[in-house]
Amino acid sequence: MNAARIKKKIQKQWRRWRRRALTLGISSLMLALVWLGSYLPDQVQSLLSTEPPVAIETLQHYEQTEGSDDTVDNSEFWKALNQTKGTNEVTVRQVYICGEEEQVLGQLSSDDIYTLMNEHPTWKGEFTGKGQILFEETISDLSPTCKEQAYISLDKDGNLTLFEGPPTHEKVIKTFFQLDINSMESSLPDGAVQQLYDGIRVQDIDEYNSVLSTFSDYARKG
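Throughout the sequence shown, residue numbering follows this note's numbering, covering 387 to 608 in sequence.
Here you go:
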């Protein structure tokens, strides 16, 4: 075998070996990428699953919800709360369209209060005294007491008025607007007008809105 043929044979074997090496390298790289793809999400998930401190959770929650129409701005309250130590006596006041109710939650730690705020982002917090916190919640409904006792009728000046109990008790909750009595009496059936004088019992927000809508047509202008 002459030198030229030997050289050609060696070159052919070299090219075959190089292709095998390249194929093996690519296969190894693909296996490594597949392994990384399955391993890294577990590591990222492990990092994300670490629970942050409650105060940081609250700040994150505020940043996520501050654009919501229902969420109130408690940033100043949080700053004041961060300066306190120990526990605070917490009271929740629920302000309804008709009526208010309060509930004393007792002594709570700062972490408990942060958790409470996360669970109720529509509550407005304030310090009402040393070691005393009031949360106020606005609710578009009638309070349980109002649902049991509310009447809509006329006061002595002809104003459409919300009463606690029958109008004869004169326990005024809210005054709405003055009615044009003549226009109302000439337009509505006698039974409807008499019912208003006696007091219309309202037991839920739908009845409340319905009565206001009906008699708003007879509100005095100006």
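In this text, a Cβ means the ideal position worked out from N, Cα and C, and glycines have one as well.
Integer-rounded CB distance, given that residue j should sit under 8 Å from residue i
i	j	result
Leu528	Ile591	6 Å
Ile483	Ser539	So it is not a contact: roughly 17 Å between Cβ atoms.
His506	Glu487	Not a contact, Cβ separation roughly 15 Å.
Gly485	Thr514	The Cβ separation is near 20 Å, so there is no contact.
Cβ pair residue i, residue j closer than 7 Å
i	j	result
Lys496	Leu520	Looking at the sequence itself, residue 496 is Ser, so the reference to Lys does not match. Contact: no.
Leu546	Lys560	no
Gly517	Asn474	yes
Leu494	Val476	yes
Minimum Cβ-Cβ distance from residue i to chain D less than 7 Å
i	result
Glu486	Checking the listed chains, one finds no chain D in this structure; it contains a single protein chain.
Residue i versus residue j - alpha carbon distance
i	j	result
Lys533	Tyr594	10 Å
Phe562	Asp543	12 Å
Val478	Leu491	7 Å
Met503	Gly551	35 Å
Leu433	Ser596	Confidence is the limiting factor: at Leu433 the pLDDT is only 35, short of 50, which leaves the residue's position unreliable, though a coordinate-based value still follows. Those two C-alpha atoms are separated by around 54 Å.
Asp498	Tyr537	40 Å
Glu556	Val579	19 Å
Thr451	Asp603	Only weak support is given to the placement of Thr451: the predicted model assigns it a pLDDT of 42, under 50, and the value that follows is read from those uncertain coordinates. Cα to Cα, the separation comes out at about 39 Å.
Asp584	Thr508	38 Å
Pro553	Arg606	21 Å
Ser572	Asp541	20 Å
Tyr500	Gln589	35 Å
Ser569	Pro575	12 Å
Glu449	Asp459	Any reading at Glu449 must be qualified, since the residue scores a pLDDT of 45, below 50, and its modelled position is unreliable; no value is offered.
Gln446	Gln469	Any reading at Gln446 must be qualified, since the residue scores a pLDDT of 44, below 50, and its modelled position is unreliable; no value is offered.
Phe601	Ser461	42 Å
Leu582	Lys471	55 Å
Gln489	Lys465	24 Å
Which listed residue (the options) has its alpha carbon closest to that of residue i
i	options	result
Leu598	Ser573, Gln564 and Glu571	Gln564
Val558	Gly577, Gln535 and Ile567	Gln535
**Asked** Mind pulling the beta strand (DSSP E) runs of 3 or more residues that sit fully within the stretch 549 to 589?
**Response** 558 to 564
**Prompt:** In the stretch 464 to 536, which residue ranges form an unbroken alpha helix (DSSP H) of at least 4 residues, counting only runs that do not cross its ends?
**Reply:** 496 to 505 and 530 to 535
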